[in-house]
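S.K.: Numbering (the working numbering), first residue to last: 85 to 352.
Cβ coordinates follow ideal geometry from the N, Cα and C atoms, glycine included.
In structure tokens form, the structure reads like this:
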């Protein structure tokens, strides 16, 4: 399958929750790009909402992505995605039937639209079975890249150091532990594909921000670029040629899914 990159989050949005936030789990945790940080609702009331306001300029949105969550343990009958331009009149509504079998992460494609306000409504038993929590939330436009021009390279990378003490005792450390890495080359990008690619690089801001990547087997990985591709964006109408990218999986709290159904447990 074609690679998919999710990078368009709520970092710049004004967030609010109708049921508030549990002490120690504020809404700002959704803006940190840290997998282990969580927002958690202050109660388990039914039909509560989690809202993002993107300012006076309407935001393009075609997908919703949620990771590190407990949506499959709330007794939800539906997760409603609601869009509005003024925060009071809610037009487009998308209902996702969860049936308590939703995966983590959860990737939802909706009809492309523009909205100033986007919110989730948690609908289920009254009250819900638990207090909802979400670690990472992305409202926006995904990057769907073109077909691979060749087979992508993927492998394991381990950065280790070994030293010898004065006593002769050898010791070492693996700074990053084992991580899966990818090298993907593209060829003959259409204009839309090129725009998608450049949007990914801008949003990742070189190597500063991580992103989500759906591999050729349909597995999701939390990743970061190996090097800074920002200089290739150029200035004005000049864009320097770039035919490939390299990135590594972030080994934080996630199992690593390898080809053939093999799994490497999460580091912690």
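#1: Using DSSP with H/G/I as helix, E/B as strand and the rest coil, what is residue 316?
#2: Entirely within the segment 189 to 222 and at least 3 residues each: give me those beta strand (DSSP E) ranges in chain order.
#3: Spatial neighbours of residue 294 within its chain, please: CB distance less than 7 Å, with the 5 preceding and 5 following residues excluded, ordered by chain position.
#4: By DSSP, does residue 49 sit in helix, in strand, or in coil?
#5: Please report how far the alpha carbon of residue 161 lies from the alpha carbon of residue 115, in whole angstroms.
#6: Which residues mark the beginning and the end of the beta strand (DSSP E) in which residue 334 is found?
#7: In three-state terms, what does DSSP make of residue 138?
#8: Are there 16 or more other CB atoms within 10 angstroms of the CB of residue 346, so buried, or fewer, so exposed?
#9: Does residue 288 come out as helix, strand or coil in the three-state DSSP assignment?
#10: If we call anything under 8 Å between Cβ atoms a contact, is residue 122 one with residue 218?
#11: Using CA coordinates, which residue listed in 215, 286, 288, 330 is at the minimum distance from residue 265?
#12: Looking at the structure shown, is residue 281 part of a helix, part of a strand, or coil, going by DSSP?
#13: Please name the residue in 175, 282, 144, 163 whose C-alpha comes closest to that of residue 216.
#14: Looking only at C-alpha atoms, which of 225, 146, 154 sits nearest to residue 282?
#15: Using DSSP bridges, identify the partner residues of residue 132.
#16: Between residue 316 and residue 290, is the Cβ-Cβ spacing less than 8 Å?
#17: Leaving out five residues before and five after residue 221 in sequence, what residues of the same chain have Cβ atoms less than 7 Å from its Cβ?
M.R.: Taking the definition as stated:
#1: Three-state DSSP puts residue 316 in a helix.
#2: 190 to 199, 201 to 208
#3: 117, 306, 307, 308, 334
#4: Beyond the ends of the chain as shown, which are 85 and 352, falls residue 49; an answer cannot be given.
#5: 27 Å
#6: It is not in any beta strand (DSSP E) - residue 334 carries neither H nor E in the DSSP assignment.
#7: coil
#8: Burial call: exposed.
#9: helix
#10: yes
#11: 330
#12: helix
#13: Restricting attention to 175, 282, 144, 163, the CA atom closest to the CA of residue 216 is found in 163.
#14: 225
#15: 206
#16: no
#17: 93, 94, 114, 150, listed in sequence order.
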